[in-house]
Amino acid sequence: MSSIDPRETIVEVLGGLVAMDPPPRAMDPELAPWHVLFEHGHNIVTALDTGDLGEDPSTEALRRRLLPAPVKMLERTGWRVVKGFVVARLPHDPTEGLIVPPEDEEYVQEPATSGGSALAVYEVGKPYPTRLPWQSGGVQITVTAKNVDFVLPLSGLSDPEVRAFRKGNAEFAIIAEDRYTLWLYRFTNPTSGNPAARGPGISWADAPWEYHRQALLGQPPAPPGDPGSTFPLQLVLVEADTGIVRGLRLLNPPVQFADAVRAAVARQAQRPNEIQRADAEIERLYARYPNSAALLPLATARFEALRDGTAGPRR
């Protein structure tokens with residue numbers, strides 16, 4: 020019996036890329052100790068066998084191959100235990116990474132409430148839990164003390180757009196003013212490498228957020244996370260015509276960006292409720308700039324989350 024400590028190994032190898040979390044349901048005792056949350060999905064930290072691992076790999080070889088794989092994928096394809104590690108042969112592309120069928124994805128999201136007790140389960144291919152009249156491009160941003168929820172509804176989503184949202188480079192910027200914060204965003208696919216991974220993504224677009232407008236909806240805003248730390252930026256892609264969830268992703272913005280968001284929330288909280296003035300200021304801003312990309316030089320803070328899971332400030 021191996022003396023390897025799954026929790027300790029996960030921290031050493033994957034660092035801040037995954038979140039430790041107890042299994043949400045009953046699962047095989049060989050898998051449960053390796054359960055983590057990755058990009059808001061239930062995963063098992065697995066040593067990937069691409070056919071060249073052999074029957075007696077070294078511990079270091081197994082550590083080098085560790086990656087998060089969906090629980091349902093392991094349960095469907097099977098696994099073996101080698102020297103205490105969960106090992107599995109899974110479909111993998113050098114450019115795209117693990118090839119995960121939608122039916123193998125299993126996501127959770129903590130509700131944006133002050134209590135924040137139960138977990139609401141979101142699944143790709145299933146309806147968004149709250150029935151809303153979705154407007155294509157009408158992003159819904161909810162800021163709480165725990166996280167920022169970013170729900171992006173789009174009509175006629177293509178496969179390259181969904182792939183860019185879920186696995187491509189994600190870029191965010193904010194323009195922080197006294198009465199509003201304008202969020203700018205885009206998701207891009209690679210322009211080289213595996214042709215199947217290419218294709219147009221989601222171009223620069225923007226979404227205004229107003230402290231007092233969110234408060235009117237009965238969801239009191241608060242600066243997310245603690246000063247000098249990151250916070251979860253929870254992304255949900257919804258097919259606007261049907262309300263079906265097409266993609267989910269969890270980002271951890273760099274501290275510089277997170278602090279700028281907190282400062283923007285606190286700044287608006289000190290202002291009186293002037294929603295009409297805020298709306299007028301946003302309209303004047305739009306009138307001066309032809310598109311969202313043209314607004315980028317005004318950004319208070321900006322960051323890019325790369326395909327490999329790292330995130331850092333972008334100037």
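Take the sequence shown: its letter number 260 is residue 279 in the numbering used here, and every next letter is one higher.
Ideal Cβ placement from N, Cα and C applies to all residues, glycine included.
The structure displayed is predicted, hence computed values, not measured ones.
In the structure shown, residue 302 adopts helical secondary structure according to DSSP, grouped into three states. By the criterion of a C-beta distance shorter than 7 Å, residue 265 is surrounded in its chain by 143, 176, 181, 256, 257 and 258, once the five residues flanking it on both sides are discounted. Counting only residues of its own chain and dropping the five nearest sequence neighbours on each side, residue 187 has a CB closer than 8 Å to the CB of 206, 207, 208, 209, 220 and 326.
According to DSSP, residue 266 shares a beta bridge with 256.
In the displayed model, residue 104 falls within a strand according to three-state DSSP. By a beta-carbon distance limit of 8 Å, residue 274 contacts residue 247. Their separation comes to about 6 Å. In the DSSP annotation of this structure, the continuous segment of the beta strand (DSSP E) that includes residue 207 starts and ends at 200-207. Under DSSP, the beta-bridge partners assigned to residue 159 are 170.
Secondary structure remark: continuous alpha helix (DSSP H) runs of at least 4 residues inside the stretch 48-121, in chain order: 78-83 and 90-96.
At a Cβ-Cβ threshold of 7 Å, residue 166 and residue 250 count as neighbours.
About 35 Å separates the beta carbon of residue 118 from that of residue 318, a gap too long to meet the 8 Å contact definition.
In the DSSP assignment, residue 179 falls within the unbroken alpha helix (DSSP H) covering 178-186. Annotation for residue 25: the continuous alpha helix (DSSP H) segment containing it runs 25-33. In this structure, the CA atom of residue 91 is about 19 Å from the CA atom of residue 112. An exposed status is given to residue 70, since fewer than 16 other beta-carbon atoms sit within 10 Å of its beta-carbon. Shown here for residue 297: same chain residues with a beta carbon closer than 7 Å to its own, the five before and five after excluded, namely 198, 199 and 229 in chain order. Of the other Cβ atoms in all chains shown, 16 or more fall within 10 Å of the Cβ of residue 124; this residue is therefore buried.
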